[in-house]
Amino acid sequence: MTSEIREARPSAEEVYSILSGSESLKNEAGSSCNCEVASVQTESQKLIKACQRPDGYDEVVSLLENEGNLHNKGAIQQAASHGRLNVVQQFLARGADVNQLDYCNQTALHCAAACGHADITKLLLEHGAKIDIKDEEEQLPLHCASGQGQLEVVETLLAHDVTGATLLSTDCYEQMPLHCAAKRGFTNVVRFLIGRMNNNGNDSAVVKTDARQRTALHLAAGYGSEAVVRLLLDNVAEKGFVDSLDETEMTALHWATIGRQRNGSYTKVMEVLLERGADVNIRGGTGYKTAINHARDNQDEERITVLLRADGRAHAR
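Going by the UniProt record's numbering, the sequence shown opens with residue 1, and the numbers climb by one from there.
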């Protein structure tokens, strides 16, 4: 499986949401064929569904009278994902393991963090939820919250991180929470994470690369986030940062040139990069080409114009 395909996969939280649907219920019921399972559900299945429903509280309370259901794998995670605070409270009051893992090795804290449920996040932390448990993609709850733009949850999680170690933790793509926020254009989260890095003396971490040698700047440029690109450049004094090369020798300018995010502000990103000294003549990527040639391959007249104008200014100097 290529790294591109791996990164395009749903998150572990999204995978579990799929697994908790009808197909997994068929398997859990022990069906030996592919025909429809009878409408009768096990208590385990009923509990999962009740944890998801806005009106499921009373049914959850009833099902939890059976102590065996308390440890139903994934139930508290589903309640946390769907924002069912009173349901999560029931699990915890009855002695459920706050750090129980689901089928994607996620805890309830991962799920609450990803979905932005700050009240549930705080409740779980008060009951001893660990902030340093990694899921199947080696992501912490902080990665999940950062990658979904959940600023309040990010602030809450870092308030419980005395050493600041989670800031620098990397997942299976060697991406920090900063990468996760930058690649989806979450400016406020990026700003907060950089601020915490600076306060902890980890300002140099802003330039760290992932498994494909991409900085947060590459990722933000590829997403088309002008605000995040500006923010990163404003916070890195390192000479040459704007022209950092990834594993295919592409710069942030290359990524902005080929980016295809629907609402991406690519020409603005390119202009910012060029203002900060990006070199239009660096070759990289498929065919080992300059940014202008990549733009020509894509027949993108707007981006071609921006690059030609910058190239003309460079030659005039």
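Note that beta-carbon positions come from the ideal geometry of N, C-alpha and C, so glycine has one too.
Classified as buried, Val190 has 16 or more neighbouring CB atoms from the shown chains inside 10 Å of its CB.
Per DSSP, reduced to three states, the secondary structure at Gly284 is strand. In this structure, the beta-carbon distance from Val98 to His127 falls below 8 Å. Between the C-alpha atoms of Asn105 and Cys144 there is a straight-line separation of about 13 Å. At least 8 Å separates the beta-carbon of Leu231 from that of Thr290. In summary, Tyr288 is exposed, with fewer than 16 beta-carbon neighbours lying within 10 Å of its beta-carbon over all protein chains present. Lys183 has no beta-bridge partner at all, per DSSP. Distance between Ala256 and Ser244, taken at the CA atoms: about 14 Å. With a cut-off of 8 Å on Cβ pairs, the region 248-264 is not in contact with the region 198-211, counting fewer than three such pairs. DSSP places Gly147 inside the alpha helix (DSSP H), whose first and last residues are Pro141 to Gly147.
Counting along the chain, Ile48 sits inside the alpha helix (DSSP H) bounded by residues Glu43 to Gln52. Taking 8 Å as the cut-off, the beta carbon of Lys46 is found closer than this to the beta carbon of Leu63. Fully enclosed alpha helix (DSSP H) runs of no fewer than 4 residues occupy 108-114 and 118-126 of the UniProt repeat "ANK" (104-136), in order along the chain. Taken through DSSP and simplified to helix, strand or coil, Lys289 comes out as strand. Glu65 has its alpha-carbon roughly 13 Å from the corresponding atom of Tyr57.
DSSP places Met176 outside both helix and strand once states are collapsed to three, so it counts as coil. By the Cβ rule, the region 110-129 does not count as touching the region 167-174, because fewer than three pairs are nearer than 8 Å. Going by DSSP, Glu155 is part of the alpha helix (DSSP H) stretching over Leu151 to Ala159. Within 10 angstroms of the beta-carbon of Leu92 lie 16 or more other beta-carbons, which makes it buried. In the DSSP assignment, Glu275 falls within the unbroken alpha helix (DSSP H) covering Tyr266 to Glu275. The beta carbon of Glu59 lies closer than 6 Å to those of Ala50 in the same chain, with the five residues before and after it left out.
Pairing Leu307 with Val280 gives a Cβ-Cβ distance under 8 Å. Glu67: not part of any alpha helix (DSSP H); DSSP gives it neither H nor E. The alpha-carbon separation between Asn200 and Arg53 amounts to approximately 41 Å. Counting C-beta atoms within 10 angstroms of its own C-beta, Asn69 has 16 or more neighbours from the protein chains shown and is therefore classed as buried. Under the DSSP assignment, Val228 falls in the alpha helix (DSSP H) whose first and last residues are Glu226 to Asp234. Taking each of Thr248, Ala310, His294 and Gly264 in turn and checking the Cα distance to Leu274, the smallest one comes out for Ala310. Buried is the label assigned to Ala96, since at least 16 other Cβ atoms lie within 10 Å of its Cβ. Residues of the same chain with a CB within less than 7 Å of the CB of Gln78, apart from the 5 flanking positions on each side, are Ser20, Ile48, Cys51 and Gln52 in chain order. In this structure, DSSP gives Asp246 a state outside helix and strand, which the three-state scheme calls coil. By the beta-carbon neighbour count (other beta carbons within 10 angstroms, threshold 16), Ala113 is buried. The beta carbon of Lys183 lies closer than 6 Å to those of Leu219 and Tyr223 in the same chain, with the five residues before and after it left out.
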